[in-house]
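Novice:
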Amino acid sequence: MTTNPADDRADTPAADTEAANEAHDDADTQVAGAADNDDEHAGGMFPRKVVEKLRKQNASLRERAKTAEATVAHLQRQAADKAIRAAGLKPAAVWAVAELGDVLDEQGGVDDEKLAEAVRRACTELGVQPPKPKPTPRPGVGALRSGTGGPHSDGRPSGFAAAFAPQNRQ
Numbered sequence: 001m002t003t004n005p006a007d008d009r010a011d012t013p014a015a016d017t018e019a020a021n022e023a024h025d026d027a028d029t030q031v032a033g034a035a036d037n038d039d040e041h042a043g044g045m046f047p048r049k050v051v052e053k054l055r056k057q058n059a060s061l062r063e064r065a066k067t068a069e070a071t072v073a074h075l076q077r078q079a080a081d082k083a084i085r086a087a088g089l090k091p092a093a094v095w096a097v098a099e100l101g102d103v104l105d106e107q108g109g110v111d112d113e114k115l116a117e118a119v120r121r122a123c124t125e126l127g128v129q130p131p132k133p134k135p136t137p138r139p140g141v142g143a144l145r146s147g148t149g150g151p152h153s154d155g156r157p158s159g160f161a162a163a164f165a166p167q168n169r170q
């Protein structure tokens, strides 16, 4: 019985480690165990074309997921900004003391209680206050008048037609 020196080398633990490292290094350039023919299945592995197609799909899906995450974050920020403006503050004041994640609930929506707390923190830490609401105007007090309230003191009629009518010259 003749022994091949290559067979002896493959039986040693160091040779097994070397072979595993070589296979791992070559995994990026070729599918482990795949033959040069792309259509052949070697050792239950997928053909190179299938693996490359799956890698491209994976990269495409990862890019789509990143885009979707960015869109969701933008929409969450818009909703929070709108609620902050409704509270009477500029969003930059709240974002100076809080992060977007601090005002969101478990489902990713704006939590009113957390947002109110962030607004209170912005008011106390930065010294900003929401503007005081303007009092509602009372009719007839301080309101503008159109000038059609009644006849002039000299007897001329008031109104739109009278404004453009020829003046009575006496």
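End of the sequence shown sits at 170 in the UniProt record's numbering; the numbers just go up one at a time, nothing left out. Glycine included, each C-beta is placed from N, C-alpha and C at the ideal position. Remember, predicted model here, so these are calculated numbers, not experimental data.
1) Excluding the 5 residues preceding and the 5 following Ala116 in the sequence, name in chain order all residues of the same chain whose CB lies nearer than 8 Å to its CB.
2) Would you kindly check if the distance between the Cβ of Asp102 and the Cβ of Ala118 is under 9 Å?
3) Identify every run of the alpha helix (DSSP H) within the segment 47 to 132, keeping only runs that are complete inside it and at least 4 residues long; order them along the chain.
4) If contact is defined by three or more beta carbon pairs under 8 Å, each pair taking one atom from either stretch, is the segment 102 to 113 in contact with the segment 126 to 133?
5) Looking at the secondary structure, which residues open and close the alpha helix (DSSP H) in which Ala161 lies?
6) May I ask you to report which of helix, strand or coil DSSP gives Gln167?
7) Check whether the Cβ atoms of Leu100 and Ala122 sit closer than 9 Å, and answer yes or no.
8) With distance defined between alpha-carbon atoms, name the residue in Pro166, Ala162, Leu89 and Phe160 nearest to Lys132.
9) Given Ala52, which residues of its chain have a CB within under 7 Å of its CB, disregarding the five upstream and five downstream residues?
10) For Val50, does the count of other Cβ atoms within 10 angstroms reach 16, so buried, or fall short, so exposed?
11) From this set, Ser60, Ala165 and Arg120, which residue's C-alpha is nearest Ala96's C-alpha?
12) Is it buried or exposed, Ala83, if we count other Cβ atoms within 10 angstroms and call 16 or more buried?
13) Going by C-alpha to C-alpha distance, which of Lys66, Phe46 and Gln76 sits closest to Asp111?
14) For Ala92, count the other beta carbons within 10 Å of its own beta carbon; 16 or more makes it buried, fewer makes it exposed. Which is it?
Specialist: Concretely, from the data shown:
1) Ala87
2) yes
3) 48 to 86, 91 to 95 and 112 to 126
4) no
5) Phe160 to Phe164
6) coil
7) no
8) Leu89
9) Note on identity: in this sequence residue 52 is Glu, with Ala being the wrong assignment. So no residue of the chain qualifies.
10) exposed
11) Arg120
12) buried
13) Gln76
14) exposed
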